[in-house]
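In the numbering used here, the protein residues as written are 297 to 556.
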């Protein structure tokens, strides 16, 4: 897999995807969004890949925002299409991926960068990270899910304040708000995320994928999260992973899951 703005490594069933536009502080342009979609799609279909870590190159930025130069002169129609396609190709796609995606937020995560981190299933920040949605300072609103995912994570009041003031918050504030799960020294960030991935990988890949689906259903208009949970709970009973997991428990040994 070769991409202009991505570096991808795979080790021990964990894929690490690095957004690599250091001269632009890893800002998201359309090309990078498309590359991320293609890469995540390929990795998500690879049954050998059991977790994905997403981070930015360098020590300054995870993703410092969208590439404003690309859309500064867009019309209403072009702006609407930019948002719609971004949701579909990347942000919603990551959120609904069956393979867990961990955002290793290694610096500034602003605008589209924070929206990208919020689309991931788990967020870990380095202690130098700063986060915010500064779009209203440009005369626009967050367009890649920020107005929806931020209130889900931090509550309506804090989301209103962050979006309307356009202020940045520190990594520790983000942890206090529930925006990130953990804050660690930057030098330890990838190892820490790898440790989370390794814990996840001890469990059934099929069950994890169904858990993601059920959790997301609670935040989707027109879906009953409880009904989705019941349906996916039941489906687990028809899998080899369920048979192995319960058998291993009764035999007092560690389960060896096949993902089937």
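Ideal Cβ positions, reconstructed from N, Cα and C, are used throughout, including at glycine. Note that this is a predicted model, so its numbers are computed, not measured.
{"Query": "So does the segment 345-360 actually touch the segment 396-415, counting three or more Cβ pairs closer than 8 Å?", "Result": "yes"}
{"Query": "Pull up the distance between the alpha-carbon of residue 414 and that of residue 353, whole angstroms please.", "Result": "18 Å"}
{"Query": "So for residue 341, helix, strand or coil by DSSP?", "Result": "helix"}
{"Query": "Scan the segment 466-548 and note each continuous beta strand (DSSP E) run of 3 residues or more that stays entirely inside, going in chain order.", "Result": "478-480"}
{"Query": "With C-beta atoms as the reference, is residue 342 less than 9 Å away from residue 494?", "Result": "no"}
{"Query": "Indicate whether residue 310 and residue 335 have their beta-carbon atoms separated by less than 9 Å.", "Result": "no"}
{"Query": "Going by DSSP in three states, residue 553 sits in which element: helix, strand or coil?", "Result": "coil"}
{"Query": "Check residue 458 in the structure and name its three-state DSSP category.", "Result": "helix"}
{"Query": "Would you call the CB atoms of residue 462 and residue 429 closer than 9 Å?", "Result": "yes"}
{"Query": "When you compare only the Cα positions, how much space is there between residue 326 and residue 306?", "Result": "25 Å"}
{"Query": "Quick one: residues in its chain with C-beta nearer than 8 Å to the C-beta of residue 426, no 5 flanking neighbours on either side, listed in chain order?", "Result": "403, 404, 405, 406, 464, 465, 466, 467"}
{"Query": "Out of 431, 448, 434, state which residue places its alpha-carbon closest to the alpha-carbon of residue 515.", "Result": "448"}
{"Query": "For residue 540, which of 554, 435, 527 has the nearest alpha-carbon?", "Result": "554"}
{"Query": "What first and last residue would you give for the alpha helix (DSSP H) that runs through residue 382?", "Result": "372-382"}
{"Query": "Would you mind listing the alpha helix (DSSP H) stretches within the segment 306-365 that are 4+ residues and don't spill past its ends, in chain order?", "Result": "326-341"}
{"Query": "Using a Cβ-Cβ cutoff of less than 6 Å, which residues in the same chain neighbour residue 476 once the five nearest sequence positions on both sides are dropped?", "Result": "419, 421, 470"}
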